[in-house]
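Student:
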Amino acid sequence: MPDKTELSRLFRTLDASAWMELAAIVACTILLIVLSQRLLYWIANRVHGGYRFRIFLTIPIARLAILIGAVSLIVPIVIEPSLQNMVALLGAAGLAIGFALKDYGSSLIAGVVSAVELPYRPGDWIEVDDAYGEVTHVGVRTVQIVTADDDLVHIPHSKLWNTPIYNANNGGDSLQCVAHFYLHPDHDAAQVWETLRDVALTSAYLKFDKPIAVIAQEQPWGTHYRIRAYPVDPRQQFRFVSDLTVRGKAALRRLSVRFSTLPVTTENAHSSPS
């Protein structure tokens with residue numbers, strides 16, 4: 025029966041030739057990675073359209089293939105190729121991979137939960153942390169949103185566990201928008217209130233079957249007015265807020281109303297659709 029001590033030996037005793045072979049493999053790996061990246065970048069910068077981005081996609085794939093090839097050459101030199109050693113190596117690798125992918129697994133489980141609870145669906149406008157945009161795709165691991173600046177943001181489903189997720193329209197076509205106005209306290213509040221309501225009623229983007237609210241709140245620096253209304257389509261929210269703001273400001277100027285000149289806090293100055 026083989027000696028257990030011999031069976032449990034994982035690493036080989038490396039001599040000078042083995043070290044030289046390892047050094048040669050490492051050097052060739054680095055050289056191949058550098059040359060492949062430079063070559064692919066050179067080719068990509070000389071083609072146009074979609075081909076350029078397809079070539080860029082092959083750069084990390086080529087690097088990964090070279091690294092896998094290098095590892096497959098190094099392992100037989102360093103590890104004694106016995107059944108017990110292979111089992112121990114694969115077990116350690118599995119444990120390391122499992123620990124590294126625990127967040128990935130958390131996102132996969134949260135993806136299943138999101139498919140049941142439906143905290144967001146394609147077409148919803150959601151805000152997670154500092155990212156606000158329209159949901160375009162709900163994948164297995166992430167949800168993709170497109171922001172107002174046309175940035176694509178991938179948000180892992182694991183955010184469900186500990187991060188508030190704000191859904192502005194929750195699967196419907198009604199999304200409330202808010203336009204803010206900061207006025208000097210010395211003015212006719214009733215007149216301003218009526219003027220801002222008329223501004224909302226005459227907007228080309230207004231959804232008429234939803235309520236309009238003009239809210240006034242007195243602050244130490246002046247009066248904070250908010251127009252709360254709904255656009256016809258959630259995608260019109262930024263145009264709608266801009267329309268209310270520009271025409272509301274013009275209407276208030278015609279009333280000779282003075283605007284607040286004192287600094288306001290970030291909370292009071294928040295003007296994104298709610």
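For the sequence shown, the working numbering begins at 25 and goes up steadily by one. Positions of the beta carbon are idealized from the N, C-alpha and C atoms, including for glycine. Bear in mind the structure is a predicted one, so any value in this text is a computation, not a measurement.
(1) May I have the straight-line CA-CA distance separating T367 from W245, to the nearest angstrom?
(2) Suppose you measure from the CA of L207 to the CA of I236; what does that come to, to the nearest Å?
(3) When DSSP builds the beta bridges, which residues end up paired with H161?
(4) Indicate whether at least one CB of chain C lies closer than 8 Å to the CB of L207.
(5) For L38, count the other beta carbons within 10 Å of its own beta carbon; 16 or more makes it buried, fewer makes it exposed. Which is it?
(6) Pull the bridge partners of W149 from the DSSP assignment, please.
(7) Quick check: what's the CA-CA separation for V156 versus L55?
(8) I'd like the span of the alpha helix (DSSP H) that includes Q61, first residue to last.
(9) Using only CA atoms, which one of F264, V170, V140 lies nearest to T252?
(10) What would DSSP say about Y249, mapped onto helix, strand or coil?
(11) Report the rounded CA-to-CA distance for P143 versus H181, giving the unit in angstroms.
(12) With DSSP as the reference, label H72 as helix, strand or coil.
(13) Where do the N-terminal and C-terminal ends of the alpha helix (DSSP H) with L225 fall, by residue?
(14) Which whole-angstrom value describes the C-beta separation of Q241 and L199, a residue pair presumed to lie in contact below a C-beta threshold of 8 Å?
(15) Give the DSSP-derived three-state secondary structure of H181 in the structure shown.
(16) Going by the CB atoms, is the gap between I57 and I90 shorter than 8 Å?
(17) Three Cβ pairs or more, each shorter than 8 Å: is that satisfied between the stretch 206–224 and the stretch 268–284?
(18) Name the residue from V164, A120, I150 whose alpha carbon lies nearest to the alpha carbon of V140.
(19) Rounded to a whole number of angstroms, what is the C-alpha to C-alpha distance between I133 and T160?
(20) Residue range of the alpha helix (DSSP H) that Q261 falls in?
(21) Can you round the beta-carbon distance between T82 and L59 to whole angstroms, since I take them to be within the 8 Å contact cut?
(22) Less than 8 Å between the C-beta atoms of P255 and L230, yes or no?
(23) Suppose the cutoff is 8 Å on Cβ atoms and the five residues either side in sequence are ignored; what does the same chain contact list for D127 look like?
(24) Go through its chain and collect everything with a Cβ distance to I121's Cβ below 8 Å, but skip five positions before and after it.
Tutor: Result, derived from the coordinates:
(1) Only positions 25 to 298 of the chain appear in the structure, and residue 367 is not among them; the question remains open.
(2) Residue 207 sits at position 183 when you count from the first residue of the sequence shown. Residue 236 sits at position 212 when you count from the first residue of the sequence shown. When rounded, the distance between both Cα atoms is 20 Å.
(3) By 1-based counting over the sequence shown, the position of residue 161 is 137. The partner list for H161 (beta bridge, DSSP) reads Q168.
(4) Reference to chain C is not applicable here, since this structure consists of a single protein chain.
(5) The residue given as residue 38 occupies position 14 in the sequence shown. With fewer than 16 Cβ atoms within 10 Å of its Cβ, L38 is classed as exposed.
(6) Stepping through the sequence shown from its first residue, residue 149 is reached at position 125. Per DSSP, E158.
(7) Taking the sequence shown and counting its residues from 1, one reaches residue 156 at position 132. Taking the sequence shown and counting its residues from 1, one reaches residue 55 at position 31. It should be noted that the sequence gives Tyr, not Val, for residue 156. Roughly 43 Å separates the two Cα atoms.
(8) Taking the first residue of the sequence shown as position 1, residue 61 is located at position 37. From DSSP, the alpha helix (DSSP H) with Q61 extends over 40–68.
(9) Along the sequence shown, one-based indexing puts residue 252 at 228. The amino acid at residue 252 is misidentified as Thr; the sequence shows Arg. The shortest C-alpha separation from R252 is found at F264.
(10) Within the sequence shown, numbered from 1, the residue matching residue 249 stands at position 225. Shown here, Y249 sits in a strand according to DSSP, grouped into three states.
(11) Here residue 143 is taken as the residue at index 119 of the sequence shown, counted from 1. Here residue 181 is taken as the residue at index 157 of the sequence shown, counted from 1. It is roughly 10 Å from the alpha-carbon of P143 to the alpha-carbon of H181.
(12) Locating residue 72 in the sequence shown gives position 48, where the first residue counts as 1. Three-state DSSP puts H72 in coil, outside helix and strand.
(13) The residue labelled residue 225 in the question sits at position 201 within the sequence shown. First-last of the alpha helix (DSSP H) with L225: 213–225.
(14) Start at 1 with the first residue of the sequence shown, and residue 241 comes out as number 217. Start at 1 with the first residue of the sequence shown, and residue 199 comes out as number 175. Q241 to L199, Cβ: 22 Å. No contact.
(15) Here residue 181 is taken as the residue at index 157 of the sequence shown, counted from 1. Secondary structure of H181 (DSSP, three-state): helix.
(16) Here residue 90 refers to the residue found at position 66 of the sequence shown. Here residue 57 refers to the residue found at position 33 of the sequence shown. The answer is yes: Cβ separation under 8 Å.
(17) Taking a contact to require three or more Cβ pairs closer than 8 Å, the stretch 206–224 and the stretch 268–284 qualify as touching.
(18) Counted from its first residue, the sequence shown places residue 140 at position 116. Comparing Cα-Cα distances from V140 to each of V164, A120, I150, the minimum goes to V164.
(19) On the sequence shown, residue 133 is found 109 positions in, with the first residue counted as 1. On the sequence shown, residue 160 is found 136 positions in, with the first residue counted as 1. One C-alpha to the other measures close to 20 Å.
(20) By 1-based counting over the sequence shown, the position of residue 261 is 237. Where Q261 is concerned, the enclosing alpha helix (DSSP H) stretches over 261–278.
(21) Here residue 82 refers to the residue found at position 58 of the sequence shown. Here residue 59 refers to the residue found at position 35 of the sequence shown. That pair is no contact at about 14 Å.
(22) The sequence position of residue 255 within the sequence shown is 231, counting from 1. The sequence position of residue 230 within the sequence shown is 206, counting from 1. Taking 8 Å as the Cβ cut-off, P255 and L230 qualify as a contacting pair.
(23) As a working mapping, residue 127 is identified with position 103 in the sequence shown. Setting aside the 5 residues that flank it on each side, D127 is surrounded in the same chain by P180, S182, each with a C-beta closer than 8 Å to its C-beta; the list follows chain order.
(24) By 1-based counting over the sequence shown, the position of residue 121 is 97. Excluding positions up to five away in sequence, the list is empty.
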